[in-house]
Structures are given as C-alpha cells and as structure tokens.
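Numbering (the working numbering), first residue to last: 49 to 214.
Take a look at the structure:
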C-alpha cells in the first residue's frame, strides 16, 4: 500500500455531499467494527446521488434507455468505523472520456473527525437495450466535464491508486 499524504477534512467537506448515515449495529462484524461489505454499500448509495448530480435520474435512464455500470474500483481503509457513528460520503470528479467517468469518494467519520476510507472508481455509460458501453449523451457529457474541470482546480491532490484512468 502506498503512503498517503494526510487528507484534510476541510478539503473533503468542500466536495459535494453524496450520502450520510448513522452506522447501525447490524453493520458490525466480529472485530466490533463496520464490516468491509458495508463500505461498498455506503459508496454505492453515494454513486446514486452522483448520477443525479450529472442528470442521470431514474426518469432519464428509462426515457433514454441508459444506465451506468461499474468497471473498476479501489478501496483504502484508513480508520475504523463503529456502531452509532455518523458518516458522510463526499465525491470528487477526476476525469471522463466519451463513455467513462472517474471518481473518488471519501467516507468521513464525523465522530472521529477523519477520513475513514476512500473509494476510487471507473464507471461506464451503458445502452440498456444492448447492455453495452455507449457514449454519454451530450447533455450528460457537458455536466460531467464541467464538474471534472471544477474539481481539477482544487488546490489539493486526490489520493489516487494510480492504476485507473477514464
């Protein structure tokens, strides 16, 4: 695992808030902390908000027969999350191509005032009739590119795994 620079909470909290929750008892494992499967669940919930931010709503998906598939992901577990702790996910747009979007989510533990995990991912636009990747429609491309450009101006580097590119 590569050494990460300290992630400033104030930097992360300037990003779009895409999910928040208090951790229930049934998320705990035998080590008395949140089981790894629930990190993926929390980040999955956040991606639904990201889809809404770019305009890919349920109605849009149905009308245009489009959707998104996950292609690749990388999780870093940085700090424990335990029962009854308040967490939030913040999302940063990193890059895009005609069919793909590159993001990183940050899981913030508000009780501990730290970043508990990061989730870097590549998603692809899909034509749901053929279930094959397809180019983003122009309106989605414009929104994604605007967010990528906005987040590229942030004065801090995202802690990337280095192996993924849109």
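Ideal placement from N, C-alpha and C gives every residue a C-beta, glycine not left out. Owing to the predicted nature of the structure, the values given are computational and were not obtained by experimental measurement.
Residues bridged to residue i by DSSP?
i           : result
residue 157 : 135 and 162
residue 120 : 170
residue 104 : BP columns for residue 104 are empty, so no partner.
residue 181 : 174
residue 34  : The structure shown does not extend to residue 34, since the chain spans only 49 to 214, so no value can be given for it.
residue 125 : 165
residue 143 : 150
Between the options, which has its C-alpha nearest residue i's C-alpha?
i           : options               : result
residue 114 : 205, 183, 199 and 202 : 183
residue 68  : 85, 156, 151 and 210  : 156
residue 117 : 199, 123, 175 and 87  : 175
residue 60  : 100, 163 and 187      : 163
residue 197 : 143, 101 and 180      : 143
residue 87  : 145, 188 and 165      : 165
residue 79  : 130, 151 and 108      : 130
residue 121 : 170, 214, 98 and 179  : 170
residue 194 : 158, 101 and 112      : 101
residue 200 : 63, 55 and 54         : 63
residue 85  : 108, 71, 149 and 98   : 71
residue 110 : 192, 177 and 56       : 177
residue 214 : 188, 150, 83 and 82   : 150
residue 145 : 82, 188 and 107       : 188
Could you check the C-alpha separation between residue i and residue j for me, to the nearest Å?
i           : j           : result
residue 136 : residue 204 : 20 Å
residue 206 : residue 134 : 23 Å
residue 190 : residue 173 : 14 Å
residue 160 : residue 128 : 9 Å
residue 212 : residue 202 : 20 Å
residue 103 : residue 58  : 27 Å
residue 126 : residue 94  : 18 Å
residue 140 : residue 209 : 14 Å
residue 74  : residue 186 : 42 Å
Identify, in the order they occur along the chain, each residue of the same chain with its Cβ nearer than 8 Å to the Cβ of residue i, setting aside the five sequence neighbours on each side.
i           : result
residue 147 : 172, 173, 181, 182, 183 and 184
residue 158 : 133, 134, 135 and 136
Enumerate in chain order the residues of its own chain whose CB-to-CB distance from residue i is below 6 Å, with the five nearest sequence positions on each side excluded.
i           : result
residue 167 : 91, 123 and 153
Can you find the residues in the same chain that come closer than 7 Å, C-beta to C-beta, to residue i, ignoring five residues on each side of it along the sequence?
i          : result
residue 65 : 136 and 138
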